[in-house]
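First up is the structure itself, then whatever we jot down about it.
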Amino acid sequence: PALNLYTDNWPIHTKSEEKPPVKVGPQAKIVNSMVSNGCIVRGLVVNSVLSPGVYVSPGAVVQDSVVMNDTWIGPGARLDKVVVDKKVVVGAGAVVGTGNQEVVNEQMPDRLFAGITVIGKHAYIPDGAQIGRNVLINSGRDEADFPPDKVVADGKTV
41 PALNLYTDNW
51 PIHTKSEEKP
61 PVKVGPQAKI
71 VNSMVSNGCI
81 VRGLVVNSVL
91 SPGVYVSPGA
101 VVQDSVVMND
111 TWIGPGARLD
121 KVVVDKKVVV
131 GAGAVVGTGN
141 QEVVNEQMPD
151 RLFAGITVIG
161 KHAYIPDGAQ
171 IGRNVLINSG
181 RDEADFPPDK
191 VVADGKTV
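The numbering used here runs 40 ahead of the 1-based position in the sequence shown.
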């Protein structure tokens, strides 16, 4: 018989990273989300995807976001409509994805126009930072790359 690559009888599975099972804290809540092996969730995760090894601290909120491997989200941090690359640190109390989604990104108006903020690999978001919508935080950025008041307006790039 012919080989049918689209049959439901042969599902395709991707090998999971060698990580322990998900740990969910007593105050944590996960709603309509996919949480991968190795994640530790102590805060609130809603309509989001967490890749292996993500840590969500107590009081943190991750909503409508995709967070890649081994990212740490600090206590009280809030992410809304954010795509976070691997090995990022989001500091305590940082708010990422707030503001006016109508303001397009100045450098990439054809790509960042829908209210989504993007954080590159190995970036460090300082404690208490306020980052708007349609913002791009490039890979490897740290506290020294942010303005003194730690506020990044809608549509800006760091």
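The beta carbon of each residue, even a glycine, is placed where N, CA and C say it ideally should be.
_Applying the 10 Å Cβ sphere with the 16-neighbour rule, what's the burial state of residue 108?_
Taking the first residue of the sequence shown as position 1, residue 108 is located at position 68. It counts as buried.
*Using DSSP bridges, identify the partner residues of residue 122.*
Translated into the one-based positions of the sequence shown, residue 122 becomes position 82. Paired residue(s): 157.
_Meets three-Cβ-pair contact criterion under 8 Å: the region 100-115 and the region 69-85_ = yes
*Beta-carbon separation (whole angstroms), residue 94 vs residue 118, contact threshold 8 Å*: Locating residue 94 in the sequence shown gives position 54, counting from the first residue. Locating residue 118 in the sequence shown gives position 78, counting from the first residue. Not confirmed; about 15 Å, so no contact.
*If you draw a straight line from the C-alpha of residue 193 to the C-alpha of residue 175, how long is it?*
Taking the sequence shown and counting its residues from 1, the one referred to as residue 193 is at position 153. Taking the sequence shown and counting its residues from 1, the one referred to as residue 175 is at position 135. One C-alpha to the other measures close to 8 Å.
*Sort out for me which residues DSSP pairs residue 152 with in a bridge.*
In the sequence shown, counting from the first residue as 1, residue 152 sits at position 112. According to DSSP, residue 152 bridges with nothing at all.
*DSSP beta-bridge partners for residue 170?*
Mapped onto the sequence shown, residue 170 falls at position 130. 135 and 191, per the DSSP bridge assignment.
*What's the gap between the Cα of residue 69 and the Cα of residue 170?*
Translated into the one-based positions of the sequence shown, residue 69 becomes position 29. Translated into the one-based positions of the sequence shown, residue 170 becomes position 130. Rounded to whole angstroms, residue 69 to residue 170 spans 24 Å at the Cα level.
*Would you call the CB atoms of residue 105 and residue 129 closer than 8 Å?*
Here residue 105 is taken as the residue at index 65 of the sequence shown, counted from 1. Here residue 129 is taken as the residue at index 89 of the sequence shown, counted from 1. Contact: no.
*Does the beta-carbon of residue 71 have 16 or more other beta-carbons within 10 angstroms, so that it is buried, or is it exposed?*
If you number the sequence shown from 1, residue 71 lands on position 31. When all chains shown are included, residue 71 counts as exposed.
*What residues match up with residue 196 in a beta bridge as DSSP calls it?*
As a working note, residue 196 is residue 156 in the sequence shown. Per DSSP, none; premise fails for residue 196.
_Judging by CA-CA distance, which residue of 99, 196 and 167 is the nearest neighbour of residue 147?_
Within the sequence shown, the letter at position 107 stands for residue 147. Among 99, 196 and 167, the Cα nearest to that of residue 147 is on 196.
*What runs of the beta strand (DSSP E), each 3 residues or longer, lie entirely inside the region 68-129?*
69-71, 84-86, 101-103, 118-120 and 122-124
*With a 10 Å radius around its C-beta and 16 neighbouring C-beta atoms as the bar for buried, classify residue 120 as buried or exposed.*
Numbered from its first residue, the sequence shown carries residue 120 at position 80. With 16 or more other Cβ atoms within 10 Å, it is buried.
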